[in-house]
Amino acid sequence: MNRETRTVTAERGIEQRGIEHVPDDERYGRPSRQFWVWSAANLSMLPVGYGLFVVAVGLNWWQAMLAVVIGLVLSYPLVGAVAIAGKRGGAPAMMLSRASFGVLGSRLPTVITYITVVGWETVSVALGALATRTVLERLSPGLGNTGMVALAFAVIALGTIVLGVYGYHVIQRVQRWLTLITAVVTVVYLIVVLPHLHFDLSAGKAGSGVVFLGGIVLTMAGTGLGWLAAGADYSRYLPRDTPGRAVLGWTAAGGGVTQGLLVLLGVLLSTSDPALAGAVAKDPIGALAAQAPTWFLVPYLISVIISVTAAGAVDLYSSGLVLQAIGVRLPRPVTAGVDGVLMIIGGIYMVFVAPTFASVFQAFLLITGVGAAAWAAVFLVDLLLHRRDGYDTAALDDVNGRYGRFNWAGIGSMVVGTVVGLGLVTSADPHLAVITGFLMPPAIANSTLAITNLGVVLGFLLSGILYALLTSRARTTAA
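Just so we're on the same page, my numbering is the position in the sequence shown counted from 1, plus 1041.
As structure tokens, then:
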């Protein structure tokens, strides 16, 4: 059976490969295919809500737009850089990170990443259900009852799990169509909504430079930083000789350009309806339906369900691989199914139990952003300094191999960056606030400086600099 025949056969069934290395003779495709995966994962109305969140920190519309652009430019190329590692090593990012943390030491960042990815897929399915309730209530009061919301929740969860279980090849094929469908509906939304809105570009008071920095950090946490751990999961199937710049460019463009345009739209919408930000805080996607005519609500809802399913599937696929990287010895389809169950449990809490959404969501973005940034700093510095010739794939699964059990340089650098980062971010949710802000003196904690949440950026820089200093004179020392 030749390479092309094997590829076609694999695309028709459930992908059985998990975290193991992809052989060179089974790699295929062009880097441009990365665009469709990342575009579909980010093409929804949720990024529009991000734009309103950025304005809500205290910026006017032009400051918020500038903060969004800077945040995207700083975060999505990092996802593309992780994708380069996937192409070089032919394995998921959390498997490759064993080179910088040790085969056993990598379990620390892997567990943190697992919590983050499962959290994101939970957010996706919850947002779809919340939007269903809002849209159905507008169509007919009482229609958005618990039974209908539960049905929508079940449909989204089932679609997410099915795509996640089938894996890479099916996701690659389906995402292109999901992207096109969602793009068409989004364009129609703009056509029917924008002409009826009044944009007051003089509204809003300019925020200080400190608040502006807070907008940049919030954008980074809500966009590229949330996808860092998944950066290599799809690029690992690309041929080893694929140009690294193309991999980085198509990955960053697929997520950054698509998501960026939608976030900027949210910033613009903030000037048309002062009450919209409050509604988005309760239901980031469904609240935007208030701007649409009644006849468009059903297509809008279908598009929402499709888009959150697409985003959730990308996360579910990655979380199954991350669970294997932790050391769970189950086939990839089974780990994806396990993660689907956790997603359902978390989604039920967010939809049917939790009283509010915005405070929990923003705290989740910042807390997970700190951990993701600290891990990425170590991983990317290791890639730049020590992995130009690729990875020893056999050693990635050998505790007695060249990467050893524990790489204390990587572990220590990430721990220091994470602790410092968490100590310098804030949380509006009181339950999560207990693990944040502990390095801030009271005078700072109650000032505008606190809302910048620069701990995300400082944690990234600190972890990367520490790892570079500890390993710059020699290859990673493994214990």
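From the three backbone atoms N, C-alpha and C, an ideal C-beta is built for every residue, glycine too.
Fully contained in the region 1263-1313 are the following alpha helix (DSSP H) runs of length 4 or more, in chain order: 1285-1310.
V1233 and R1179 have their alpha carbons spaced roughly 17 Å apart.
When Cβ pairs closer than 8 Å are counted between the two stretches, the region 1217-1237 is seen to touch the region 1062-1081, the count reaching three or more. Within the same chain, Cβ atoms closer than 8 Å to the Cβ of G1296 are found at W1079, S1080, A1082, N1083, Y1117, V1120, T1264, G1265, W1268, the five residues on either side in sequence being excluded. The Cβ atoms of L1425 and T1173 lie no closer than 8 Å to each other. In chain order, G1092, L1093, V1095, V1096, W1102, A1105, M1106, V1109 place their CB closer than 8 Å to the CB of V1308, counting only its own chain and leaving out the 5 sequence neighbours on each side. Taking 8 Å as the cut-off, the Cβ atoms of T1154 and G1388 do not count as close.
Within a 10 Å sphere around the beta-carbon of Y1390 sit fewer than 16 other beta-carbons, which makes this residue exposed. Y1358 is not a Cβ neighbour of A1450, given a cutoff of 8 Å. For secondary structure counted as the alpha helix (DSSP H) over 4 or more consecutive residues, the region 1171-1248 holds these complete runs in sequence order: 1187-1207, 1209-1234. Taken through DSSP and simplified to helix, strand or coil, V1251 comes out as helix. Per DSSP, the unbroken alpha helix (DSSP H) holding N1083 starts and ends at 1074-1083.
For Q1104, the enclosing alpha helix (DSSP H) covers residues 1102-1130. Sorting S1454, F1447, N1441, A1436 by C-alpha distance to the C-alpha of L1421 places S1454 at the top.
When the beta-carbon positions are compared, T1157 and I1367 stay at least 8 Å from each other. About 13 Å separates the CB atoms of L1231 and S1313; that is not less than 8 Å, and the two are not in contact.
C-alpha of W1291 to C-alpha of L1113: approximately 14 Å in a straight line.
Relative to D1324, the option among S1513, L1171, I1212 whose CA is nearest is L1171. Scanning its chain for C-beta atoms nearer than 8 Å, with the 5 sequence neighbours on each side dropped, one finds around A1404 the residues S1468, A1469, D1470, L1473, A1474, T1477, in chain order. Annotation: L1465 to S1504 spans about 15 Å, alpha carbon to alpha carbon. Around V1206, the same chain offers I1055, P1374, A1377, G1378 as residues with beta carbons nearer than 7 Å, after the five sequence neighbours per side are excluded. Annotation for R1373: the continuous alpha helix (DSSP H) segment containing it runs 1373-1389.
Put simply, the region 1326-1336 does not touch the region 1127-1135. Fewer than three CB pairs are less than 8 Å apart. Here the alpha carbon of Q1365 sits roughly 37 Å from the alpha carbon of V1226. Within its own chain, the residues whose Cβ lies closer than 6 Å to the Cβ of T1512, once the five positions on either side in sequence are excluded, are A1450, listed in chain order. Rounded to the nearest whole angstrom, the CA to CA distance from L1499 to L1192 is 43 Å. In chain order, T1459, G1462, L1463, V1466, G1496, V1497, G1500 place their CB closer than 7 Å to the CB of V1411, counting only its own chain and leaving out the 5 sequence neighbours on each side. Rounded to whole angstroms, the gap between the alpha carbons of P1064 and L1100 is 50 Å. Each of V1288, L1317, L1310 was checked against the Cα of S1073, and the nearest Cα belongs to V1288. Ranked by how close their Cα comes to the Cα of L1235, the residues V1252, A1126, R1148, L1306 have L1306 in first place.
In the three-state DSSP reduction, A1469 falls in the coil class, being neither helix nor strand.
Per the coordinates, the alpha-carbon of L1254 lies some 13 Å from the alpha-carbon of L1115.
A1124 sits close to Q1075, with the two beta carbons spaced by under 8 Å. Beta-carbon to beta-carbon, D1380 and S1165 are separated by about 12 Å, too far to satisfy the 8 Å threshold. The Cβ atoms of R1443 and A1126 lie no closer than 8 Å to each other. Distance from the CA atom of V1457 to the CA atom of S1147, rounded to whole angstroms, is 15 Å.
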